[in-house]
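Chemist: Got a structure for you, written out below as structure tokens; questions coming shortly.
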Amino acid sequence: MSRYWNERLETMSRDELTALQGERLQALAARVYQRNAWYREAFDRHGVKPGDIKCAADITKLPFTNKDSFRLTYPLGLACVDNRELREFHMSSGSTGTPVVMAYTNSDLEQWAECMARCYRMAGMYPGDSLQITPTFGLFNGGFGFFHGARKAELFICPASSGNTPRQIKLLNDFQIKGIGCVVSYMLRIMEVAEEQNVEFPHLKIGIFGAETFSDKIRHKIESTLGIKTYDIYGMTETGGVGTTGMDCEVRNGIHVWEDHYLVEIIDPASGDPLPDGQTGEVTFTSLTREAIPVIRFRTGDISRIISRERCACGRTCLRIDRITGRYDDMIIIKGVNFFPKQVEQALMEIPGVLPEYQIILEEHHGIQDVIINVEAEAGVTGFTVEKYLKEKLGFSPRGDVFKPGELPRSEGKAKRVVHRIID
Ligand code: DLL
3 MSRYWNERLE TMSRDELTAL QGERLQALAA RVYQRNAWYR EAFDRHGVKP
53 GDIKCAADIT KLPFTNKDSF RLTYPLGLAC VDNRELREFH MSSGSTGTPV
103 VMAYTNSDLE QWAECMARCY RMAGMYPGDS LQITPTFGLF NGGFGFFHGA
153 RKAELFICPA SSGNTPRQIK LLNDFQIKGI GCVVSYMLRI MEVAEEQNVE
203 FPHLKIGIFG AETFSDKIRH KIESTLGIKT YDIYGMTETG GVGTTGMDCE
253 VRNGIHVWED HYLVEIIDPA SGDPLPDGQT GEVTFTSLTR EAIPVIRFRT
303 GDISRIISRE RCACGRTCLR IDRITGRYDD MIIIKGVNFF PKQVEQALME
353 IPGVLPEYQI ILEEHHGIQD VIINVEAEAG VTGFTVEKYL KEKLGFSPRG
403 DVFKPGELPR SEGKAKRVVH RIID
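Residue numbers (the working numbering): 3 to 426.
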């Protein structure tokens, strides 16, 4: 059976792809302008008319959207269809107040399933293969996204949802599950409980992980411990959920973005100017085919770069972006040094005996900021070792507090790696 889900669209030439994006962008600009007052006003303020958009490169003429565009129009103010055409919605709460809502028409659910089905096939999941879905089924897009795609890909679905880790472990073995979809931190939790129970997963071959950044070291640890191959799946509420914006293939040279559905730009986060391929900046998506709530130049806050627009060794032609290194709003600046949680993770995992659970505590005491790294480690690793290593690697001196395995809080969804604490 083919290793592509949709060979024609996954392998079309760059010229064809660009032409298709141009047509779709033109139609999209006309549609949002005609059907949505918020978009119309945004276009007018920006001095652009749908007729100005003639090809894919004209994307830069359009205004940006961001999380605030969703929040200001909560709940359905960005919708471009009649509410009676809506069939489902998902929502992410984020850290600040009003949630972001993404609603779907039948055609949007179909589009989501198509993107996810491509990801499954790219990971080596074929009809009849069993899949355990561990992200929550609910407002979070994770559970249902894995589900809709798995239905289309004709997988045998175990809709476990999150939590009840001992049961997850039992299901994995009772049903001889081949693939698992997971928020990365929760996979670590499952592995930990399995180790306590002395259980292995002889049937598991494929892990599809995402929703948060994970370092190569953690990836390697999961793969070598379980003897599986992992895939980094990317997506977000605003683009339509997990898998819509792509996944990495077995070649591991970046995330393939489904470019027939999404036009990706990397921009300078300060000026908003598009950056040349190869340069790191903010990932921005335009959803070309979504009906209910399409996004135009949505500023994700995620950090990456375009690796290549050439055909990949896997045969796919859609461009590749680097795995996400962090979010601009996660950047920590302490005493003039900038760093991201993923860099801390990468450094910690290089210290022998250090385990994957950690937290970065940002403590403020009378206006003075301190960083404390809480990390679990095997006996013998001291706070001093952690401090010394992080100083060498990251150029600042956090306090290192070492905990015994199991002492730090665990998560069944996205892990809270950074904690802010104010001490009077
Ligand atoms: O996290 C969708 C998802 C669910 C992806 C399950 C993969 C697996 P949101 O809750 O809206 O949606 O959060 C989206 O999470 O902007 C990134 O900052 C981060 N994120 C998602 N996937 C990855 C990834 C889901 N593979 C936000 N690597 C995004 C790094 C990721 N960060």
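Built from N, CA and C at the ideal position, the CB exists for glycine as well.
For Phe386, count neighbouring C-beta atoms within 10 Å of its own C-beta (all shown protein chains included) and say buried if the count is 16 or more, exposed if not.
Modeler: Numbered from 1 along the sequence shown, position 384 holds the residue referred to as residue 386. Answer is exposed; the Cβ neighbour count stays below 16.
Chemist: Kindly indicate which residue of Leu277, His263, Asn376 has the alpha-carbon position closest to the one of Cys117.
Modeler: Position 115 of the sequence shown holds residue 117. Checked all of Leu277, His263, Asn376; the closest Cα to Cys117 is His263.
Chemist: For His222, report the span of its alpha helix (DSSP H) as first-last.
Modeler: By one-based count along the sequence shown, residue 222 stands at place 220. His222 -> alpha helix (DSSP H) spans 218 to 228.
Chemist: Return yes when at least one heavy atom of ligand 1 lies under 8 Å from the C-beta of Val253, else no.
Modeler: The residue you call residue 253 lines up with position 251 of the sequence shown. Val253 Cβ: outside cutoff for every heavy atom of ligand 1.
Chemist: Output the distance between the C-alpha atoms of Pro296 and Phe398, rounded to the nearest integer angstrom.
Modeler: As a first step, residue 296 must be located in the sequence shown, where it is residue number 294. As a first step, residue 398 must be located in the sequence shown, where it is residue number 396. Computed Cα separation, rounded: 43 Å.
Chemist: If I measure Cβ to Cβ from Arg412 and keep anything under 6 Å in the same chain, skipping five residues before and after, which residues do I get?
Modeler: Counting from one through the sequence shown, the residue named residue 412 turns up at place 410. The answer, listed in chain order, is Arg191.
Chemist: Just mark Met249 as buried or exposed, buried being the case when its beta carbon has 16 or more other beta carbons within 10 Å.
Modeler: By one-based count along the sequence shown, residue 249 stands at place 247. Buried is the call here.
Chemist: Is any heavy atom in ligand 1 found nearer than 8 Å to the beta carbon of Asp176?
Modeler: Numbered from 1 along the sequence shown, position 174 holds the residue referred to as residue 176. Flag unset: Cβ of Asp176 not near ligand 1.
Chemist: Using CA atoms only, rank isn't needed, just tell me which of Tyr360, Gly181, Gly408, Ile61 is closest to Glu267.
Modeler: What you label residue 267 is simply residue 265 of the sequence shown in a count that begins at 1. For the residues Tyr360, Gly181, Gly408, Ile61, the minimum Cα distance to Glu267 belongs to Ile61.
Chemist: If distances are taken between C-alpha atoms only, which option among Pro168, Glu197, Lys207, Met351 comes closest to Gly183?
Modeler: Sequence index remark: in the sequence shown, residue 183 carries index 181 (1-based). Nearest of Pro168, Glu197, Lys207, Met351 to Gly183, Cα basis: Lys207.
Chemist: For ligand 1, is there any heavy atom lying closer than 8 Å to the beta carbon of Tyr236?
Modeler: The count along the sequence shown starts at 1 and reaches residue 236 at position 234. For ligand 1, at least one heavy atom lies less than 8 Å from the Cβ of Tyr236.
Chemist: Confirm the yes/no value for this check: CB of Glu214, any heavy atom of ligand 1, distance under 8 Å.
Modeler: Here residue 214 corresponds to residue number 212 of the sequence shown, with the count starting at 1. Yes - ligand 1 has a heavy atom lying nearer than 8 Å to the Cβ of Glu214.
Chemist: Would Val377 be called buried (16 or more neighbouring beta carbons within 10 Å of its own) or exposed?
Modeler: Counting from 1 along the sequence shown, the entry for residue 377 is found at position 375. Buried is the call here.
Chemist: Could you check whether Thr327 and Thr241 sit closer than 9 Å to each other, using their CB atoms as the reference points?
Modeler: Taking the sequence shown and counting its residues from 1, one reaches residue 241 at position 239. Taking the sequence shown and counting its residues from 1, one reaches residue 327 at position 325. No.
Chemist: State the start and end residues of the unbroken beta strand (DSSP E) segment that holds Lys231.
Modeler: For the purposes of this step, residue 231 is taken as residue 229 along the sequence shown, with counting starting at 1. Counting along the chain, the beta strand (DSSP E) containing Lys231 begins and ends at 231 to 238.
Chemist: Among residues of its own chain, excluding the 5 on either side of Gly402, which ones have a beta-carbon nearer than 6 Å to its beta-carbon?
Modeler: Here residue 402 is taken as the residue at index 400 of the sequence shown, counted from 1. The residues are Ile375, Gly385, Val388, Glu389.
Chemist: The beta strand (DSSP E) spanning Phe91 covers which residue range?
Modeler: Here residue 91 is taken as the residue at index 89 of the sequence shown, counted from 1. Start and end: 90 to 94.
Chemist: Taking 8 Å as the cut-off, is the beta-carbon of Arg169 closer than that to any non-hydrogen atom of ligand 1?
Modeler: Looking up residue 169 in the sequence shown gives position 167. Result no, Cβ not under 8 Å from ligand 1.
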